[in-house]
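Here is the structure we will look at.
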């Protein structure tokens, strides 16, 4: 079945550092890929998405590229801020499927 | 756009009480809504999927008589936790999706923290 694996957290960085959160997936066919962010005590917000190979999703300085050859969708940001502290979830939606399959989440803390 | 409102945000009640949580799509029609449960520091666990006007499809291991889901309109779904007990305490999150197809993202509510005493 479909699955998503994220790098284990927690991840702690200093402000203005470069961020990478790894995400790899297993799926048949051509899934759509998503990154969601969850701030403390809140639901999830869609951060970015990509629907086909080589697509790059971007939003608020975050980027992720759909790499079919490596089955990856790593999240990157060039310079993080304290306000980026949150839990980040990688997810996929398989062909013909309604459901989202989530990774386990990566807790990110940015120190000033 | 794509706002999902979930209410209430927090509930504290006694064991044996039934609790209803509402999930509304405010600016789009949600053909499909989803209910998740999240334990502390864990990922989301899908409980059920509901399509407007149809019975909900529950995930394996989720008691449908315990967690009643109604999706009576294109903008409203409700989850009722019947005869709640302390083990039902959790963070419940709904999401909604307009249209069909895997490219349509799910939009999430802010969650409901349920505490059963």
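Residue numbers (this note's numbering), protein chains in the order written: chain A, 45 to 156; chain B, -9 to 107. Cβ atoms here follow ideal geometry from the backbone N, Cα and C, with glycine treated the same way.
{"Query": "Taking 8 Å as the limit between beta carbons, can you name the residues of its chain near residue 149(A), skipping five residues before and five after?", "Result": "50, 53, 82, 131, 132, 133"}
{"Query": "Please report the distance separating the alpha-carbon of residue 69(B) from that of residue 89(B).", "Result": "21 Å"}
{"Query": "In the DSSP output, which residue or residues are listed as bridge partners for residue 136(A)?", "Result": "77(A), 145(A)"}
{"Query": "Taking Cβ positions, are residue 79(B) and residue 106(B) nearer each other than 8 Å?", "Result": "yes"}
{"Query": "How about the segment 0 to 16 of chain B and the segment 103 to 116 of chain A: do they share at least three Cβ pairs that are nearer than 8 Å?", "Result": "no"}
{"Query": "Any C-beta of chain A within less than 7 Å: which residues of the segment 10 to 39 of chain B qualify?", "Result": "22, 33, 34, 36, 39"}
{"Query": "Under three-state DSSP, which class holds residue 120(A)?", "Result": "strand"}
{"Query": "8 Å is my cut-off, CB to CB: does residue 98(B) come that close to chain A?", "Result": "yes"}
{"Query": "If we count Cβ pairs, one from each stretch, closer than 8 Å, do we get three or more for the segment 118 to 125 of chain A versus the segment 60 to 68 of chain A?", "Result": "yes"}
{"Query": "With 8 Å as the C-beta to C-beta threshold (strictly closer), list the residues of the segment 77 to 96 of chain A near chain B in chain order.", "Result": "78, 80, 85, 86, 87, 88, 89, 90, 93, 95"}
{"Query": "Could you please tell me which residues of the segment 127 to 148 of chain A, in chain order, have their CB closer than 8 Å to any CB of chain B?", "Result": "133, 137, 138, 139, 140, 141, 142, 143, 144, 146, 147, 148"}
{"Query": "Over the uninterrupted beta strand (DSSP E) stretch that includes residue 106(A), give me the two end residues.", "Result": "106 to 109"}
{"Query": "Is there a Cβ of chain A sitting closer than 8 Å to that of residue 89(B), yes or no?", "Result": "no"}
{"Query": "Where do the ends of the beta strand (DSSP E) carrying residue 32(B) lie?", "Result": "Neither: residue 32(B) is in no beta strand (DSSP E) and is coded neither H nor E."}
{"Query": "Where does the unbroken beta strand (DSSP E) through residue 66(A) begin, and where does it stop?", "Result": "That residue, residue 66(A), is in no beta strand (DSSP E); it is neither H nor E in DSSP."}
{"Query": "For residue 9(B), which three-state DSSP category applies?", "Result": "strand"}
{"Query": "Compute the Euclidean distance between the alpha carbons of residue 103(A) and residue 117(A), then round it to the nearest angstrom.", "Result": "14 Å"}
{"Query": "For residue 100(A) and residue 46(B), what's the separation of their Cα atoms in angstroms?", "Result": "34 Å"}
{"Query": "Give me the Cβ distance between residue 1(B) and residue 104(B), rounded to the nearest whole Å; I'm assuming they're in contact under 8 Å.", "Result": "5 Å"}
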